[in-house]
Amino acid sequence: MHRYRFVLFRPLQFLPVLFGISVITFILVRLIPGDPARVLLGARSTPTAIARIHAQYGLDEPIWLQYFYFLQNLGKGEMGKSILFKIDVLKLILTRIEPTLVLVLTSVILSILIAVPMAALAARNNGRLADHAVRIVSTLGIGFPPFWLALMLIILFSVKLGIFPVSGYGDTLLDKAAHLILPSLTIALSLSAVLTRSLRAAMIVELQSDLATAARARGMPESIVFWRHVLPNSLVPTINLLAVNIGWLIGGTVVVETVFAIPGMGQLLVRAIFSRDYMVVQGVAMVFACATVLVNFLADIVTVTVDPRVRL
Amino acid sequence: MMPSATNATRMNLPWSRFLGRHLTLATGAGILGLFLMVALTAPLIAPYDPIFQNADVRLLPPALAHPFGTDNFGRDILSRVIWGARIDLQIAVIGVVFPFLIGTFVGTVAGFFGGIVDAIFMRLVDIILAFPFLVLMLSIIAILGPGLSSFYIAMALVGWVSYARLIRAQILVLKNSDYALAAVSLGFSRTRIMFRHLLPNAIAGSLVFSMSDAVLVLLNGAAISYLGLGVQPPVAEWGVMVAEGQSFITTAWWITLFPGLSIVVLAFGFSLLGDGLGEWLGVRE
Numbered sequence: 093m094h095r096y097r098f099v100l101f102r103p104l105q106f107l108p109v110l111f112g113i114s115v116i117t118f119i120l121v122r123l124i125p126g127d128p129a130r131v132l133l134g135a136r137s138t139p140t141a142i143a144r145i146h147a148q149y150g151l152d153e154p155i156w157l158q159y160f161y162f163l164q165n166l167g168k169g170e171m172g173k174s175i176l177f178k179i180d181v182l183k184l185i186l187t188r189i190e191p192t193l194v195l196v197l198t199s200v201i202l203s204i205l206i207a208v209p210m211a212a213l214a215a216r217n218n219g220r221l222a223d224h225a226v227r228i229v230s231t232l233g234i235g236f237p238p239f240w241l242a243l244m245l246i247i248l249f250s251v252k253l254g255i256f257p258v259s260g261y262g263d264t265l266l267d268k269a270a271h272l273i274l275p276s277l278t279i280a281l282s283l284s285a286v287l288t289r290s291l292r293a294a295m296i297v298e299l300q301s302d303l304a305t306a307a308r309a310r311g312m313p314e315s316i317v318f319w320r321h322v323l324p325n326s327l328v329p330t331i332n333l334l335a336v337n338i339g340w341l342i343g344g345t346v347v348v349e350t351v352f353a354i355p356g357m358g359q360l361l362v363r364a365i366f367s368r369d370y371m372v373v374q375g376v377a378m379v380f381a382c383a384t385v386l387v388n389f390l391a392d393i394v395t396v397t398v399d400p401r402v403r404l
Numbered sequence: 021m022m023p024s025a026t027n028a029t030r031m032n033l034p035w036s037r038f039l040g041r042h043l044t045l046a047t048g049a050g051i052l053g054l055f056l057m058v059a060l061t062a063p064l065i066a067p068y069d070p071i072f073q074n075a076d077v078r079l080l081p082p083a084l085a086h087p088f089g090t091d092n093f094g095r096d097i098l099s100r101v102i103w104g105a106r107i108d109l110q111i112a113v114i115g116v117v118f119p120f121l122i123g124t125f126v127g128t129v130a131g132f133f134g135g136i137v138d139a140i141f142m143r144l145v146d147i148i149l150a151f152p153f154l155v156l157m158l159s160i161i162a163i164l165g166p167g168l169s170s171f172y173i174a175m176a177l178v179g180w181v182s183y184a185r186l187i188r189a190q191i192l193v194l195k196n197s198d199y200a201l202a203a204v205s206l207g208f209s210r211t212r213i214m215f216r217h218l219l220p221n222a223i224a225g226s227l228v229f230s231m232s233d234a235v236l237v238l239l240n241g242a243a244i245s246y247l248g249l250g251v252q253p254p255v256a257e258w259g260v261m262v263a264e265g266q267s268f269i270t271t272a273w274w275i276t277l278f279p280g281l282s283i284v285v286l287a288f289g290f291s292l293l294g295d296g297l298g299e300w301l302g303v304r305e
C-alpha cells in the first residue's frame with residue numbers, strides 16, 4: 093500500500109492550482125467591460141437601483157474583499173445566477189453534466205477501440221506497407237477539424253444512409269445512445285489519431301523488450317506475446333496521454349455539442365458567451381478546470397494500479 | 021583536415037539529395053510552400069471575387085465554370101478557399117509566433133535564474149494548463165469580444181505555457197554543462213549566456229513542437245470562427261465557410277466539403293514538417 097501514499101498527499105499539491113483557478117475565473121469576470129449591475133438590471137437600471145445592487149453584491153468593496161466574498165459563496169456552492177436561464181449557475185450546470193460526461197466517456201472508449209487495432213497493425217508490421225499506411229492516416233487524422241468531421245459524418249450517416257439522428261439528445265436511454273453515436277465517433281476519430289501514434293511507438297519499444305524476448309524464448313506464440321505482454325505495457329503511457337489530452341477532449345466536446353445541439357456544458361458555455369451570461373461562463377470554466385485536475389489525479393491512480401513499477 | 025572535408029561535403033549536399041533523404045520534411049515543406057504560394061498570389065489566381073454575390077449562380081454544384089461550386093449567395097467556393105488560405109495561414113503563423121516568443125523568453129529566464137522567479141512562473145503554467153485550452157480561449161474572447169485580434173491576444177495569453185515548459189526543462193540541464201560554466205568563467209554577461217549560448221541549444225524541441233502546435237492553433241482558430249467568435253463573415257475563412265455551409269449540407273455539400281478539406285491538407289503539411297524536422301534534428305517527441 094506504500095505506493096498509494098500519494099493519494100493522500102497529491103490533493104494538497106492541488107491546492108495552489110485550485111486557488112489559481114479561482115483567482116483566474118474571478119479576474120475573468122471582473123475584467124468584463126461595463127458595470128455588472130447594469131447588465132443585471134438591464135432596462136431597469138436607475139442610479140439608486142445600481143447602488144443597491146453594488147451594495148448587495150459587495151461591488152463597492154475593495155477588490156480583495158470581493159474575492160473573499162467570491163470564495164465564501166463558492167464554499168456555499170453559490171456561483172451566482174444565470175441571466176439567461178434565471179436560475180443558480182450551479183443548478184444549471186448540474187443539469188448539463190450528464191450529456192457531456194457520457195459523451196467524453198464514450199469517445200474515450202471508442203477511440204481506444206479504434207487506436208489499439210490500428211497501432212497493433214502498424215507496430216507488428218514496423219516499416220512495412222501497413223505501418224506506413226497507419227502512420228499517414230493517423231497524421232492526417234490529427235488535422236481533422238471536429239466541427240467539419242461532424243458535418244461530414246452527418247452527411248454520410250444521417251442524410252445519405254439515414255441511420256442516425258442529425259442532432260439533439262433524446263429522452264430514453266436507447267434514444268440518447270442513438271443521438272450520441274455520431275458525436276462520440278467525431279471526437280473518437282480525432283482522438284484515436286493521437287492515441288495511435290503514441291501506442292504504436294510504445295508497442296515497438298515493448299516488442300523489443302526483454303519481457304517479450306523471454307516470452308518468445310519460452311515458446312509462446314507471437315500473438316499471445318503481443319496481446320498478453322506487449323499491449324498491457326504499452327497502454328500505460330497511453331493512459332497518461334489521455335489525461336494530458338483531457339483539456340483537448342473537453343474543447344472537442346464544446347465544439348461537437350454545438351454542432352449536434354446536445355444540451356451539455358459545452359453548448360451551455362457557447363450560448364452563455366453569446367448572451368453575455370458571464371456568471372455561467374465563469375462557472376463552466378471553473379468546473380471544467382476542476383474536472384481536468386481530477387482526471388489527472390485519477391490517471392495517476394490508474395497508472396500506479398496498472399503498473400506496479402511506477403512510484404509517484 | 022579529413023573531418024572538416026567530410027563536413028563540407030555534407031553541408032554542400034544538393035537540395036534534391038537532401039530532400040530525397042528527408043521525404044517527410046520535403047513533403048511537408050512542399051505542402052506549406054504550395055499554400056503560401058496560393059495565399060500570396062490569391063488576387064491573381066482566384067477566378068472570381070471571394071465576396072461578390074451573384075444571385076444568378078446560387079448553389080451551383082461543382083462544374084467547369086465553378087470547380088468547387090457556388091454557395092447560397094452565388095459566391096465562388098474555389099475563390100473563397102483560395103482567399104481563405106491567407107487568413108488561415110496567418111492564424112496558424114501568428115497564433116504560434118507570439119506564444120513561441122513569450123514562452124521561450126519566460127522558459128529561458130525561469131530555468132536560468134531558478135528560485136522565486138521560476139517558482140512563480142511554473143505555478144502560473146500549472147494553473148493555465150489546468151484549464152481546458154479552448155475553454156480558457158473562449159472565456160477570454162467572451163471578454164474581449166469576437167474577432168481575430170481577440171483570438172491572437174487570447175493565444176498569446178494562453179499558448180506560451182507549453183513553450184515555457186519545454187525550454188525551461190532544457191535550460192535546467194544545459195546551464196550545468198561545461199560550455200556554460202566556461203562562458204561564466206570567461207565573464208560573459210548572464211543575458212549573453214542565456215540567449216547566445218544556452219537558448220540555441222535548447223530550442224530544437226520547441227521548434228518541432230511549434231509545428232504540431234500550428235496544427236492545433238489552426239484547428240482552434242477555425243473552430244472559434246466556426247462558432248462565430250473569430251473571423252466574421254463575409255470574410256472568406258475556412259471555419260466561417262464551413263459554418264455558412266452547414267444549413268445546406270443536405271442539398272449543397274460542396275460548400276462545407278472544400279474549406280474543411282483545405283484545413284485537413286494544410287494541417288497535414290504542418291504535421292509532416294514537424295515530423296520531418298524532428299527526424300532531421302534528432303528530437304524525440
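Chain order of the listed sequences is A and B.
Each residue of the first sequence is one higher than the last, beginning at 93 in this note's numbering.
Each residue of the second sequence is one higher than the last, beginning at 21 in this note's numbering.
For glycine and all other residues, C-beta sits at the position ideal for the given N, C-alpha and C.
Keep in mind it's a predicted model, so treat the numbers as computed, not measured.
With Glu299 of chain B as the anchor, note down where its alpha helix (DSSP H) starts and where it stops.
What you label residue 299 of chain B is simply residue 279 of the second sequence in a count that begins at 1. Trp274 to Leu301 is the extent of the alpha helix (DSSP H) around Glu299 of chain B.
Tell me where the alpha helix (DSSP H) around Thr345 of chain A begins and ends.
For the purposes of this step, residue 345 of chain A is taken as the residue at position 253 of the first sequence. Here the alpha helix (DSSP H) through Thr345 of chain A covers Ile338 to Phe352.
Consider the Cβ of Trp408 of chain A: report whether some Cβ of chain B lies at a distance smaller than 8 angstroms.
Beyond the ends of chain A as shown, which are 93 and 404, falls residue 408 of chain A; an answer cannot be given.
Have a look at B:Gly296, B:Ile160, B:Ala46 and B:Phe278 and flag the residue whose alpha-carbon is nearest the alpha-carbon of Trp103 of chain B.
Position 83 of the second sequence, counting from 1, holds the residue named residue 103 of chain B. Considering only alpha carbons, the answer is B:Phe278.
Can you list, in chain order, the residues of the stretch 277–302 of chain B whose Cβ is nearer than 9 angstroms to any Cβ on chain A?
The residues in question are Leu277, Pro279, Gly280, Leu281, Ile283, Val284, Val285, Leu286, Ala287, Phe288, Gly289, Phe290, Ser291, Leu292 and Asp295.
Interface residues of chain B around Gly235 of chain A at Cβ under 9 angstroms?
Locating residue 235 of chain A in the first sequence gives position 143, counting from the first residue. Those within 9 angstroms of Gly235 of chain A in chain B are Val235, Leu238, Leu239, Ile283, Val284, Val285, Leu286, Ala287, Phe288, Gly289, Phe290 and Ser291.
So with Cβ pairs under 8 angstroms, would you call Gln110 of chain B a contact of chain A?
Residue 110 of chain B sits at position 90 when you count from the first residue of the second sequence. For Gln110 of chain B, the answer is no, since every Cβ of chain A falls outside 8 angstroms of its Cβ.
Is Lys195 of chain B near the ligand MN, with its Cβ less than 7 angstroms from a heavy atom?
Inclusion of the ligand MN in the displayed structure is not the case, the ligand content being empty and no account of it being possible.
Output needed for Ala28 of chain B: all residues of its chain with C-beta closer than 8 angstroms, excluding positions within five of it in sequence on either side, in chain order.
Taking the second sequence and counting its residues from 1, the one referred to as residue 28 of chain B is at position 8. For Ala28 of chain B, the predicted structure reports a pLDDT of 44, less than 50, and the residue's modelled location is therefore unreliable. A value from the coordinates is still provided. So the list is empty, once near-sequence residues are dropped.
At a CB-CB cut-off below 9 angstroms, which residues of chain A make contact with Thr246 of chain B?
Here residue 246 of chain B refers to the residue found at position 226 when the second sequence is read from its first residue. According to the sequence provided, residue 246 of chain B is Tyr. The question's Thr does not apply to it. Residues of chain A passing the Cβ test: Pro237, Phe239, Trp240, Val347, Thr350 and Val351.
Determine which residues of the stretch 254–272 of chain B have a Cβ less than 9 angstroms from any Cβ of chain A, and write them out in chain order.
So the close ones are Trp258, Gly259, Val262, Ala263, Gly265, Gln266, Ile269 and Thr270.
Of all the residues that make up the stretch 134–153 of chain B, which are near chain A by a beta-carbon distance shorter than 7 angstroms?
Within the stretch 134–153 of chain B, the qualifying residues are Arg143, Asp146, Ile147, Ala150, Phe151, Pro152 and Phe153.
What span of residues does the alpha helix (DSSP H) with Glu190 of chain A cover, start to end?
Working through the first sequence from its first residue, we reach residue 190 of chain A at position 98. Looking at the DSSP string, the run of the alpha helix (DSSP H) that includes Glu190 of chain A is Val181 to Arg216.
Are the Cβ atoms of Ala377 of chain A and Leu120 of chain A separated by less than 8 angstroms?
In the first sequence, the residue the question calls residue 377 of chain A occupies position 285. In the first sequence, the residue the question calls residue 120 of chain A occupies position 28. A contact, by the Cβ cut-off of 8 angstroms.
Which of the three DSSP states is assigned to Lys268 of chain A in this structure?
Position 176 of the first sequence, counted from the start, is the residue given in the question as residue 268 of chain A. Correct three-state label for Lys268 of chain A: helix.
From this set, A:Asp263, A:Leu265 and A:His271, which residue's C-alpha is nearest Phe256 of chain A's C-alpha?
Taking the first residue of the first sequence as 1, we reach residue 256 of chain A at position 164. Of the listed residues, the one whose Cα sits closest to Phe256 of chain A is A:His271.
Give me the chain A residues within the contact set of Ser159 of chain B, using Cβ-Cβ distance strictly less than 7 angstroms, ordered along the chain.
Here residue 159 of chain B corresponds to residue number 139 of the second sequence, with the count starting at 1. Simply Leu120, Val373 and Ala377.
Tell me where the alpha helix (DSSP H) around His224 of chain A begins and ends.
Working through the first sequence from its first residue, we reach residue 224 of chain A at position 132. Start and end: Leu221 to Ile234.
Does chain A have any CB closer than 8 angstroms to the CB of Val155 of chain B?
On the second sequence, position 135 is the one that residue 155 of chain B refers to. It does: the Cβ of Val155 of chain B has a partner Cβ on chain A nearer than 8 angstroms.
Name the two residues that bound the continuous alpha helix (DSSP H) containing Met357 of chain A.
Counting from 1 along the first sequence, the entry for residue 357 of chain A is found at position 265. It spans Met357 to Phe366 - the alpha helix (DSSP H) in which Met357 of chain A sits, taken as one unbroken run.
Please report the straight-line C-alpha distance between Thr305 of chain A and Val297 of chain A, rounded to a whole angstrom.
To locate residue 305 of chain A, count along the first sequence from 1; it is residue 213. To locate residue 297 of chain A, count along the first sequence from 1; it is residue 205. Cα-Cα distance, rounded: 12 angstroms.
Determine the extent of the alpha helix (DSSP H) in which Glu264 of chain B is found, giving its start and end residues.
The sequence position of residue 264 of chain B within the second sequence is 244, counting from 1. Looking at the DSSP string, the run of the alpha helix (DSSP H) that includes Glu264 of chain B is Trp258 to Gly265.
Is DSSP giving Lys252 of chain A helix, strand or coil here?
For the purposes of this step, residue 252 of chain A is identified with residue 160 of the first sequence, where counting begins at 1. DSSP places Lys252 of chain A in helix when its eight states are reduced to three.
According to DSSP, is Asp96 of chain B part of a helix, a strand, or is it coil?
Here the question's residue 96 of chain B lines up with position 76 in the second sequence. Here Asp96 of chain B sits in strand by DSSP.
Where DSSP assigns a beta bridge to Thr15 of chain B, which residues make up the other side?
Residue 15 of chain B lies beyond the stretch modelled for chain B, which goes from 21 to 305, so this question has no answer here.
Output, in sequence order along the chain, the residues in the stretch 379–396 of chain A whose CB is closer than 9 angstroms to any CB in chain B.
So the close ones are Phe380, Ala381, Cys382, Ala383, Thr384, Val385 and Asn388.
Assign Asn240 of chain B to one of two classes, buried (16 or more other C-beta atoms within 10 Å of its C-beta) or exposed (fewer than that).
Mapped onto the second sequence, residue 240 of chain B falls at position 220. With 16 or more Cβ atoms within 10 Å of its Cβ, Asn240 of chain B is classed as buried.
Cα separation between Leu123 of chain A and Thr192 of chain A?
Translated into the one-based positions of the first sequence, residue 123 of chain A becomes position 31. Translated into the one-based positions of the first sequence, residue 192 of chain A becomes position 100. For Leu123 of chain A and Thr192 of chain A, the distance between alpha carbons rounds to 28 angstroms.
Could you tell me how far apart the beta carbons of Gly123 of chain B and Trp180 of chain B are, in whole angstroms, since I believe they sit closer than 8 angstroms?
In the second sequence, residue 123 of chain B corresponds to position 103, counting from 1. In the second sequence, residue 180 of chain B corresponds to position 160, counting from 1. About 4 angstroms separates the two Cβ atoms, so the contact holds.
Which one of B:Gly53, B:Ser267, B:Trp258 and B:His86 has the shortest CA to CA distance from Ser282 of chain B?
Looking up residue 282 of chain B in the second sequence gives position 262. Checking every option, the nearest Cα to that of Ser282 of chain B belongs to B:Trp258.
Using CA coordinates, which residue listed in B:Leu64, B:Asn196 and B:Ile160 is at the minimum distance from Arg368 of chain A?
Translated into the one-based positions of the first sequence, residue 368 of chain A becomes position 276. Of the listed residues, the one whose Cα sits closest to Arg368 of chain A is B:Ile160.
Can you give me the C-alpha to C-alpha distance between Ser118 of chain A and Phe162 of chain A, rounded to a whole angstrom?
Working through the first sequence from its first residue, we reach residue 118 of chain A at position 26. Working through the first sequence from its first residue, we reach residue 162 of chain A at position 70. It is worth fixing the name first, because residue 118 of chain A is Phe in this sequence and not Ser. Computed Cα separation, rounded: 8 angstroms.
Can you tell me where the alpha helix (DSSP H) holding Thr138 of chain A begins and where it ends?
For the purposes of this step, residue 138 of chain A is taken as residue 46 along the first sequence, with counting starting at 1. No alpha helix (DSSP H) contains Thr138 of chain A, which DSSP labels as neither H nor E.
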